[in-house]
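Structure record follows, encoded as structure tokens.
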Amino acid sequence: METTNRTYSRNMEDEYQKFIRRMNPPRVVIDNESCKNATIIQVDSANKHGILLEVVQVLTDLNFIVTKAYISSDGGWFMDVFNVTDQEGNKIRDQGILDYIQKVLGSDTSFTNSIGVTSSTDRTVIELTGSDRPGLLSEVCAVLTHLKCNVLNAEVWTHNTRAAFIVQVTDNESGSAVSDPERLTTIKQMLSYILEGSNKAREAKTSVVSHGVVHTERRLHQMMLADRDYERGSGDGGDGDTRRPEVNVVNWYDKDCSVVSIRCKDRPKLLFDTICTLTDMEYIVFHGHVDAEGPEAYQEYCIRHVDGSPVKSEAERERMIQCIEAAIERRVSEGLKLELCTTDRVGLLSDVTRIFRENSLTVTRAEVATRGGKAINTFYVRDASGYSVDSKIIESIRKEIGQTMLKVKNNPQDSNTSPQESPTRFLFGGLFKSKSFVNFGLVRSYS
Numbered sequence: 002m003e004t005t006n007r008t009y010s011r012n013m014e015d016e017y018q019k020f021i022r023r024m025n026p027p028r029v030v031i032d033n034e035s036c037k038n039a040t041i042i043q044v045d046s047a048n049k050h051g052i053l054l055e056v057v058q059v060l061t062d063l064n065f066i067v068t069k070a071y072i073s074s075d076g077g078w079f080m081d082v083f084n085v086t087d088q089e090g091n092k093i094r095d096q097g098i099l100d101y102i103q104k105v106l107g108s109d110t111s112f113t114n115s116i117g118v119t120s121s122t123d124r125t126v127i128e129l130t131g132s133d134r135p136g137l138l139s140e141v142c143a144v145l146t147h148l149k150c151n152v153l154n155a156e157v158w159t160h161n162t163r164a165a166f167i168v169q170v171t172d173n174e175s176g177s178a179v180s181d182p183e184r185l186t187t188i189k190q191m192l193s194y195i196l197e198g199s200n201k202a203r204e205a206k207t208s209v210v211s212h213g214v215v216h217t218e219r220r221l222h223q224m225m226l227a228d229r230d231y232e233r234g235s236g237d238g239g240d241g242d243t244r245r246p247e248v249n250v251v252n253w254y255d256k257d258c259s260v261v262s263i264r265c266k267d268r269p270k271l272l273f274d275t276i277c278t279l280t281d282m283e284y285i286v287f288h289g290h291v292d293a294e295g296p297e298a299y300q301e302y303c304i305r306h307v308d309g310s311p312v313k314s315e316a317e318r319e320r321m322i323q324c325i326e327a328a329i330e331r332r333v334s335e336g337l338k339l340e341l342c343t344t345d346r347v348g349l350l351s352d353v354t355r356i357f358r359e360n361s362l363t364v365t366r367a368e369v370a371t372r373g374g375k376a377i378n379t380f381y382v383r384d385a386s387g388y389s390v391d392s393k394i395i396e397s398i399r400k401e402i403g404q405t406m407l408k409v410k411n412n413p414q415d416s417n418t419s420p421q422e423s424p425t426r427f428l429f430g431g432l433f434k435s436k437s438f439v440n441f442g443l444v445r446s447y448s
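In terms of our numbering, the sequence shown opens at residue 2 and continues consecutively.
The following block contains the structure:
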């Protein structure tokens, strides 16, 4: 009887929150006049856990750069103010985009139902986590091709010896989702064999989701967090010589909360990555300030756990620091950046990744998409031995892929390439090219 009463109370509370939200839909104010170099977006709404992430997710999926932010959510009300620009640092002037922001952020339904998510009803979504190793992506793609699956979209992250994949596939013949239970079991089993690798201490995980809605980048964060990629052994030094983020957590006893401060090199999507991790660790940000107008970003948040408590122990504090550092580092890819835009065909990704493997290149991060019959792929690769990629390898790959399809964008030995380049910017830029191409450039990407 007691359990029934508790359930009833929770249901009543949920219905009350829905009622409050319907009576007080989010109010969105967009101001292009008050700030000289940014568009100001203010969102006021009834408060709920995760609403900050939903707003940040919308801005991030529109490829906006957040230069400043002020966050406040006392009691039942939430207010956020963001200074944003486009990828080139300009104000958002396109009226269609401004109307879209009003429509999405001003909706009385969940923001994430409107943008940034992928419906999987016409495709099968496969999630994989396991130990990273050279040639892993190539092996996964080869198995999917063997099983007569066509890869439509994929995103791969690697960090601290771990790898996470989200792959969307269709059946080669029908072009629809793979729905046969026996075939799905076979796909899961064969991919599990591939992912087991040599690290028996950390379990590989494979799941096949035929239906539902996925926000790929948030899901990758969740997968790597669950996989404990933030844990570092005594020999783990992180990704190359990349400067580690400065993360501090202290308790503010007078206010019964904890203060998280983050200082690191700025890059697109940084705000999303940190807010995503705090939310998934079940912390609520009720005050915050973000300043990212220079090359370095500073973020400060007053937080409490969802149970209302501040950080309770040194172990909890250390774990939070490690998780935030990992969230920031997952997108930082050093190495050779490759962009491929060509006519899509079954087995294309398998062939391309096989060429990388045969030329001793390992993929550290990848974004794969198909749009309008075009394959639009971005890869970050390193030499499997840890050395700089040899220019002879580039020439070998050019010959194999085809001279007319390959273009060397930057000198591979040039380390002065801007670290602010966004793979998303180039990813969509490829949509407007009339020729198929692959661009190569040695960069450190913070996108």
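C-beta: ideal position from N, C-alpha, C; glycine also. No experiment lies behind these values; they were computed from the predicted model shown.
- prompt: Where do the ends of the alpha helix (DSSP H) carrying SER46 lie?
  reply: Taking the sequence shown and counting its residues from 1, the one referred to as residue 46 is at position 45. Counting along the chain, no alpha helix (DSSP H) covers SER46; the unbroken beta strand (DSSP E) around it starts and ends at 40 to 47.
- request: Within the same chain, show all residues whose beta-carbon is closer than 8 Å to that of SER386, passing over the 5 residues directly before and after it, in chain order.
  value: Translated into the one-based positions of the sequence shown, residue 386 becomes position 385. The answer, listed in chain order, is SER361.
query: Is the number of C-beta pairs between the region 372 to 387 and the region 164 to 178 that are closer than 8 Å three or more?
result: No: the two stretches stay apart, fewer than three of their Cβ pairs being nearer than 8 Å.
- prompt: Quick one: what's got a C-beta closer than 8 Å to GLU297's C-beta in the same chain, skipping five residues either side?
  reply: Here residue 297 refers to the residue found at position 296 when the sequence shown is read from its first residue. So the list reads ARG264, CYS265, LYS266, ASP267, once near-sequence residues are dropped.
message: Is it buried or exposed, TYR284, if we count other Cβ atoms within 10 angstroms and call 16 or more buried?
response: Position 283 of the sequence shown holds residue 284. Result: buried.
field: HIS465 - containing alpha helix (DSSP H), residue span
entry: Residue 465 falls outside the range modelled here, since the chain spans only 2 to 448, and no answer is possible.
- prompt: Do you know whose CA, among GLU315, GLY348, MET80, VAL209, lies nearest ALA70's CA?
  reply: To locate residue 70, count along the sequence shown from 1; it is residue 69. Nearest C-alpha to ALA70: MET80.
- request: Just grab the DSSP bridge partners of PHE83 for me.
  value: Reading the sequence shown from its first residue, position 82 is the one you call residue 83. Beta-bridge annotation (DSSP): PHE83 is paired with ILE42, ALA70.
query: Given that a residue counts as buried once 16 or more other Cβ atoms are within 10 Å of its Cβ, and exposed if not, what is GLY97?
result: Within the sequence shown, numbered from 1, the residue matching residue 97 stands at position 96. Its Cβ having fewer than 16 others within 10 Å, GLY97 is exposed.
- request: Using DSSP bridges, identify the partner residues of ALA376.
  value: Locating residue 376 in the sequence shown gives position 375, where the first residue counts as 1. Its beta-bridge partners are THR343, THR371.
query: For ASP308, which option in PHE166, VAL250, TYR101, ASP257 has the closest C-alpha, if you only look at C-alpha atoms?
result: The sequence position of residue 308 within the sequence shown is 307, counting from 1. Measuring from the Cα of ASP308, the nearest candidate turns out to be ASP257.
- prompt: Would you call the CB atoms of VAL248 and ILE304 closer than 8 Å?
  reply: As a first step, residue 248 must be located in the sequence shown, where it is residue number 247. As a first step, residue 304 must be located in the sequence shown, where it is residue number 303. No, they are not a contact pair.
query: How about ILE195 and GLU140: are their beta carbons less than 8 Å apart?
result: Taking the sequence shown and counting its residues from 1, one reaches residue 195 at position 194. Taking the sequence shown and counting its residues from 1, one reaches residue 140 at position 139. Yes, Cβ-Cβ distance for ILE195 and GLU140 is below 8 Å.
- request: Whole angstroms is fine: what's the gap from LEU137's alpha carbon to HIS160's?
  value: Here residue 137 refers to the residue found at position 136 when the sequence shown is read from its first residue. Here residue 160 refers to the residue found at position 159 when the sequence shown is read from its first residue. Approximately 14 Å between the Cα atoms of the pair.
Where GLU204 falls: helix, strand or coil (DSSP): The count along the sequence shown starts at 1 and reaches residue 204 at position 203. Of the three classes helix, strand and coil, the one that applies to GLU204 here is coil, per DSSP.
- request: Name the one or two DSSP bridge partners that SER132 has.
  value: Within the sequence shown, numbered from 1, the residue matching residue 132 stands at position 131. ARG163.
Environment of ALA155 [buried if 16+ CB atoms lie within 10 Å]: In the sequence shown, residue 155 corresponds to position 154, counting from 1. Buried, since its Cβ has 16 or more Cβ neighbours within 10 Å.
- request: Measuring alpha carbon to alpha carbon, tell me which of GLU368, ASP172, GLU294 ends up nearest LEU339.
  value: Residue 339 sits at position 338 when you count from the first residue of the sequence shown. Of all alpha-carbon atoms in GLU368, ASP172, GLU294, the one lying nearest the alpha-carbon of LEU339 is that of GLU368.
query: What is the DSSP secondary structure of LYS393, reduced to helix, strand or coil?
result: In the sequence shown, counting from the first residue as 1, residue 393 sits at position 392. The three-state reading of DSSP puts LYS393 in helix, counting H, G and I together.
message: Which residue marks the beginning of the alpha helix (DSSP H) containing SER175, and which one marks its end?
response: Here residue 175 corresponds to residue number 174 of the sequence shown, with the count starting at 1. Here SER175 belongs to no alpha helix (DSSP H), and DSSP marks it neither H nor E.
- prompt: For TYR254, which three-state DSSP category applies?
  reply: Translated into the one-based positions of the sequence shown, residue 254 becomes position 253. The DSSP-derived three-state label of TYR254 is helix.
- request: Below 7 Å CB to CB, which residues in the same chain sit around ASP384 once its five sequence neighbours on both sides are set aside?
  value: Locating residue 384 in the sequence shown gives position 383, where the first residue counts as 1. Within the same chain, ASP384 has close Cβ partners SER361, LEU362, VAL390.
message: Using the Cβ count rule (16 or more neighbours within 10 Å means buried), how would you classify SER208?
response: The count along the sequence shown starts at 1 and reaches residue 208 at position 207. Counting of Cβ neighbours within 10 angstroms places SER208 among the exposed residues, the total staying below 16.
Residues near GLY295 by beta carbon distance below 8 Å, same chain, minus five either side: As a first step, residue 295 must be located in the sequence shown, where it is residue number 294. Closer than 8 Å at the Cβ level, and outside the excluded window around GLY295, lie ASP267.
- request: Grab me the residues of VAL144's own chain with a C-beta within less than 7 Å of its C-beta, minus the 5 sequence neighbours each way, in chain order.
  value: Residue numbering aside, residue 144 sits at position 143 when the sequence shown is read from its first letter. Apart from sequence neighbours up to five positions away, the residues of its chain that approach VAL144 with a beta-carbon distance below 7 Å are MET191, LEU192, ILE195, ordered along the chain.
query: Can you name the start and end residues of the beta strand (DSSP E) that CYS303 belongs to?
result: Residue mapping note: residue 303 aligns to position 302 of the sequence shown, counting from 1. Note, CYS303: beta strand (DSSP E), 297 to 306.
Contact test: GLY131 Cβ vs the ligand GDP heavy atom, cutoff 7 Å: With respect to small molecules bound, the structure shown includes none, and the ligand GDP cannot be examined in it.
- request: Indicate the three-state DSSP secondary structure (helix, strand or coil) for HIS50 in the structure shown.
  value: Mapped onto the sequence shown, residue 50 falls at position 49. In this structure, HIS50 counts as coil in the three-state DSSP scheme.
query: Quick one: is THR125 buried, meaning 16 or more other Cβ sit within 10 Å of its Cβ, or exposed?
result: Indexing the sequence shown from 1 puts residue 125 at position 124. By the 10 Å Cβ count, THR125 comes out buried.
task: Going by CA-CA distance only, name the one from PHE166, GLY348, THR343 that's closest to ILE377.
output: Position 376 of the sequence shown, counting from 1, holds the residue named residue 377. Cα-wise, what sits closest to ILE377 is THR343.
task: Determine the contact status of VAL85 and ALA39, defining contact as a CB-CB distance below 8 Å.
output: By 1-based counting over the sequence shown, the position of residue 85 is 84. By 1-based counting over the sequence shown, the position of residue 39 is 38. Going by C-beta atoms, VAL85 is nearer than 8 Å to ALA39.
- request: Please name the residue, chosen from GLY107, GLN58, SER74, that lies closest to VAL30 on a Cα-to-Cα basis.
  value: Position 29 of the sequence shown holds residue 30. If we check each option's Cα against that of VAL30, GLY107 comes out closest.
- request: Within the same chain, show all residues whose beta-carbon is closer than 6 Å to that of LYS270, passing over the 5 residues directly before and after it, in chain order.
  value: Here residue 270 refers to the residue found at position 269 of the sequence shown. Within the same chain, LYS270 has close Cβ partners THR61.
- prompt: Run through DSSP, which three-state label would GLU247 get?
  reply: For the purposes of this step, residue 247 is taken as residue 246 along the sequence shown, with counting starting at 1. Correct three-state label for GLU247: strand.
query: Which residue from PHE287, ILE42, ARG163 puts its Cα closest to that of GLU232?
result: Taking the sequence shown and counting its residues from 1, the one referred to as residue 232 is at position 231. When each option's Cα is compared against that of GLU232, the closest is ARG163.
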